[in-house]
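Undergrad:
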Amino acid sequence: MWVIKLGGNATVNAEAVLDELATWAREGRRWVLVHGISAEADALGEALGHPPRYVTSASGFTSRYTDERTRDIMLMAYGRVNAHLVAALHRRGVHAIGLRGIDGRLLQARRKEALRIREGERILILRGDYSGTPIGVNTALLHRLLELELYPVIAPMGLTPEGEIVNVDGDRAAAAIAVALQAEGLIFLTGAPGLLRSFPDERTRVAELSMEDLEGAMAWAQGRMRHKLLAAQEALKNGLPSVWLADGRRPAPLTAALRGEGTRILRTTSPIPVPVEIQEL
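Letter by letter, the sequence shown follows residues 9 to 289 of the numbering used here.
#1: What residue range is occupied by the uninterrupted beta strand (DSSP E) comprising residue 254?
#2: If we cut at 8 Å on Cβ distances, does residue 27 have a partner in chain C?
#3: Can you give me the Cβ contacts of residue 276 inside the same chain, cut-off strictly under 8 Å, excluding the 5 residues immediately before and after it?
#4: To which residues of the same chain is residue 38 closer than 6 Å at the C-beta, ignoring the five residues directly before and after it?
#5: Select from 210, 77, 15 and 112 the residue whose C-alpha is nearest the C-alpha of residue 139.
#6: Would you check if the region 107-126 and the region 140-147 touch, i.e. whether three or more CB-CB distances between them fall below 8 Å?
#7: Smallest Cα separation from residue 247: which of 36, 173, 185 and 95?
#8: In chain order, which beta strand (DSSP E) runs of at least 3 residues are fully inside the region 180-227?
#9: Taking DSSP as the reference, what is the three-state secondary structure of residue 280?
#10: Which two residues bound the contiguous beta strand (DSSP E) that contains residue 98?
#11: For residue 51 and residue 124, I'd like the C-alpha separation in whole angstroms.
#12: In this structure, what does DSSP give as the bridge partners for residue 34?
#13: Could you check how far apart the C-beta atoms of residue 199 and residue 256 are, in whole angstroms? I think they sit under 8 Å.
#14: What whole-angstrom Cβ distance do residue 126 and residue 64 have, given they're in contact under 8 Å?
#15: Report the rounded CA-to-CA distance for residue 11 versus residue 24, giving the unit in angstroms.
#16: Residue range of the alpha helix (DSSP H) that residue 235 falls in?
#17: Which whole-angstrom value is the C-beta distance of residue 110 and residue 165, which I expect to be below 8 Å?
#18: From the DSSP output, read off the bridge partner residues of residue 43.
#19: Classify residue 34: buried if its beta carbon has 16 or more other beta carbons within 10 angstroms, exposed otherwise.
#20: Flag this pair as touching only if the region 205-217 and the region 94-106 have three or more C-beta atom pairs under 8 Å; answer yes or no.
#21: Quick test of your reading: residue 272 and residue 69, contact by CB under 8 Å. State the CB separation rounded to the nearest angstrom.
#22: Measuring straight from C-alpha to C-alpha, what distance separates residue 150 and residue 157?
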């Protein structure tokens with residue numbers, strides 16, 4: 009069982025990823041695909057007169073501010089991207105099924121009551137955000153679908169215990185799903201060749217890290233890569249054996265990742281027997 013996170017960056021070669029996933033399905037290798045929509049959501053927001061707003065948390069993570077209108081725009085964007093991915097997999101002979109995290113309470117989340125953001129030298133409290141952190145996964149649903157040879161393609165919008173729809177960071181959603189399924193591994197497909205020690209110099213790719221290296225790496229990683237490292241840390245601390253940061257732009261990206269052409273992050277210590285507290289961004 010593998011969990012694949014397909015980034016929403018416009019440079020990612022989705023067709024090549026889907027070709028390989030179809031091959032895996034024919035070979036009997038099970039997988040779950042979680043996808044992003046960053047480029048699609050940005051373009052749709054601009055077209056609808058509600059452009060995206062990005063904020064930086066007090067801890068230094070940059071993310072989309074999800075007010076209610078933005079959340080609804082994201083639901084529209086996820087619907088379009090999810091449908092096209094599912095249709096493309098069916099054209100390749102894969103019985104794919106599109107799901108939102110809210111369907112069957114697939115992805116349960118806790119809404120963030122407020123965001124602490126940094127503007128210049130000031131720390132501000134930003135309310136009205138509809139984003140959340142994952143707190144549960146309906147694994148019974150996923151296992152049943154896979155038993156029926158239906159391959160899940162997941163849009164990571166979560167549902168709170170109160171029934172609110174929230175935006176869940178796709179990387180952390182993929183990590184939570186991989187842990188819950190006790191997956192063999194988690195592969196993040198990005199618009200970069202892996203983790204770069206000196207961004208954007210692609211010659212500085214880091215081939216391998218241990219879980220113990222992640223705190224230090226988060227201090228110098230740039231942009232969305234910091235989110236992926238945090239998601240990797242959460243997955244590894246909860247028992248996942250390996251996480252890959254792979255180049256989604258190239259042909260055969262999954263094969264390339266597994267033969268060492270991205271960044272592999274290994275858990276080198278025993279898993280913590282209880283779920284770690286999920287860090288708020």
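Backbone N, C-alpha and C define an ideal beta-carbon position, used for all residues, glycine too.
TA: Result, derived from the coordinates:
#1: Here the question's residue 254 lines up with position 246 in the sequence shown. 250-255 is the span of the beta strand (DSSP E), which, as asked, contains residue 254.
#2: Here there is only one protein chain, and chain C is not present.
#3: To locate residue 276, count along the sequence shown from 1; it is residue 268. Around residue 276: 218, 219 and 220.
#4: As a position in the sequence shown, residue 38 is number 30, starting the count at 1. Counting only Cβ-Cβ distances below 6 Å, and skipping sequence neighbours, we find 9 and 154.
#5: Numbered from 1 along the sequence shown, position 131 holds the residue referred to as residue 139. With distances taken between Cα atoms, residue 139 lies closest to 77.
#6: yes
#7: Counting from one through the sequence shown, the residue named residue 247 turns up at place 239. For the residues 36, 173, 185 and 95, the minimum Cα distance to residue 247 belongs to 185.
#8: 193-198 and 216-218
#9: Numbered from its first residue, the sequence shown carries residue 280 at position 272. Because residue 280 carries a pLDDT of 43, less than 50, the predicted location of this residue cannot be relied on, and the following value inherits that uncertainty. It is coil, neither helix nor strand.
#10: Taking the first residue of the sequence shown as position 1, residue 98 is located at position 90. Run containing residue 98: none in the beta strand (DSSP E); it sits in the alpha helix (DSSP H), 76-99.
#11: The count along the sequence shown starts at 1 and reaches residue 51 at position 43. The count along the sequence shown starts at 1 and reaches residue 124 at position 116. Roughly 26 Å between the two C-alpha positions.
#12: Position 26 of the sequence shown, counted from the start, is the residue given in the question as residue 34. The partner list for residue 34 (beta bridge, DSSP) is empty, contrary to what the question assumes.
#13: Along the sequence shown, read from residue 1 onward, the residue named residue 199 stands at position 191. Along the sequence shown, read from residue 1 onward, the residue named residue 256 stands at position 248. 6 Å between Cβ atoms; contact.
#14: In the sequence shown, counting from the first residue as 1, residue 126 sits at position 118. In the sequence shown, counting from the first residue as 1, residue 64 sits at position 56. Confirmed, about 5 Å.
#15: On the sequence shown, position 3 is the one that residue 11 refers to. On the sequence shown, position 16 is the one that residue 24 refers to. So the two alpha carbons sit approximately 16 Å from each other.
#16: As a first step, residue 235 is located in the sequence shown; it is residue number 227 there, counting from the start. Where residue 235 is concerned, the enclosing alpha helix (DSSP H) stretches over 233-245.
#17: Reading the sequence shown from its first residue, position 102 is the one you call residue 110. Reading the sequence shown from its first residue, position 157 is the one you call residue 165. Going by Cβ atoms, the distance from residue 110 to residue 165 rounds to 6 Å, so yes, they are a contact pair.
#18: Numbered from its first residue, the sequence shown carries residue 43 at position 35. According to DSSP, residue 43 bridges with 14.
#19: As a first step, residue 34 is located in the sequence shown; it is residue number 26 there, counting from the start. Exposed, by the Cβ-count rule.
#20: no
#21: The residue you call residue 272 lines up with position 264 of the sequence shown. The residue you call residue 69 lines up with position 61 of the sequence shown. Not quite, the Cβ-Cβ distance comes to about 23 Å (not below 8 Å), so this is no contact.
#22: In the sequence shown, the residue the question calls residue 150 occupies position 142. In the sequence shown, the residue the question calls residue 157 occupies position 149. Spanning the two alpha carbons is a distance of roughly 11 Å.
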